[in-house]
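Numbering (the working numbering), first residue to last: 314 to 705. By construction, the Cβ of each residue, glycine as well, lies at the ideal position given by its N, Cα and C atoms. Remember, predicted model here, so these are calculated numbers, not experimental data.
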């Protein structure tokens, strides 16, 4: 009786075991198990072995290495990469390197902040698929840039990618009535006095200036450089041995080149060389300034300009201070103090004026200025002007 019961139980266990599903197997292993004895099954999927790269240096080609299993099933292996600008490009793997195959991403594509890549295989049957990462989820490679590159990229981004600036400007300056301190003889042919008559000269001193400019911003050690062309026309109490009204007319046609250096992030130096033709001859000059603070934000500027160095025709000097104050996303206010004897004046005068800069958008901005100036406390006049700039 016991023997019969044990036999029935054993039979039931065997029946349950035969009804359970087989454990899942790797496709290749299953194929090998199903293959007839003595026959080696053909693989259906090639494999790629690749050590991913996490970082790279800017401008340096990126070499990717890989080895393949079942290369007889492979028609092409490509590295598909996306540049920092979002462009999708591809380069093939070729024989070489320690692991058998290499693909080289060119140095010009290696830019901050980085790139991403995937490896794709095309089989001999035309099937194409990703074996490392994917186009939807690229493997990231950080591009390590030096501090100068990072600073340039941040500044250029802040400027909206606009490196060049062109502009036109104009200004009128009036000093009021200026009277000399000593009498001089009247020249022949003057309508207001007789020849040889002693006259204390007096001039309604004023001038206007117009100019065009171009600036390029490398934003590196050389932060900016640019050029200006312009002219000045007006009346000034120039020192004369004889009173001649026509000779109180002053003028200047000029061209200048300037360059700005970054010494520190918050300290820049600017130098300018100038050449010109005045009403009395050829003239040269120079200028310099220091910028303390954010070069494209709030800062203090101290500088000077001198035209008529050495034996060249004198035109005058000016010394100035300027404070740029950011008053909003699109507005900058700048109080300016200037001491000058331009153009060709006998004495220095003081100019007190302010400028308001407004960013209009799409690269356009305008600056409006106005103020008051005088050479003597008893006489002075207004000054006003403006400029239009376009950055691209």
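Residue range of the alpha helix (DSSP H) that residue 467 falls in?
460-471
Distance, Cα to Cα, residue 369 vs residue 672?
38 Å
Out of 454, 663 and 606, point me to the one whose CA is closest to residue 649's CA.
663
Of the residues 701, 373 and 697, the one placed nearest residue 488, counting alpha carbons only
697
State yes or no: is the C-beta of residue 553 within less than 7 Å of the C-beta of residue 560?
yes
Residue 418 and residue 394: beta carbons closer than 7 Å?
yes
Could you check which residue in 632, 597, 415 and 614 has the C-alpha nearest to that of residue 605?
614
So the candidates are 567, 529, 535 and 562; which of them puts its Cα closest to the Cα of residue 541?
567
With a cut-off of 8 Å, do at least 3 Cβ pairs link the segment 425-441 to the segment 374-394?
yes
Verify whether the separation of the beta carbon atoms of residue 530 and residue 575 is less than 7 Å.
no
Apart from the five residues just before and just after residue 612, which ones in its own chain have a Cβ nearer than 7 Å to its Cβ?
604, 605, 606 and 637
Measure the CB-CB distance between residue 532 and residue 465 and report whether it falls below 7 Å.
yes
Helix, strand or coil at residue 385 according to DSSP, with G and I counted as helix
helix
In whole angstroms, what separates the C-alpha of residue 507 from that of residue 658?
25 Å
Give the DSSP-derived three-state secondary structure of residue 560 in the structure shown.
helix
Considering residue 537, what are the terminal residues of the beta strand (DSSP E) in which it resides?
535-548
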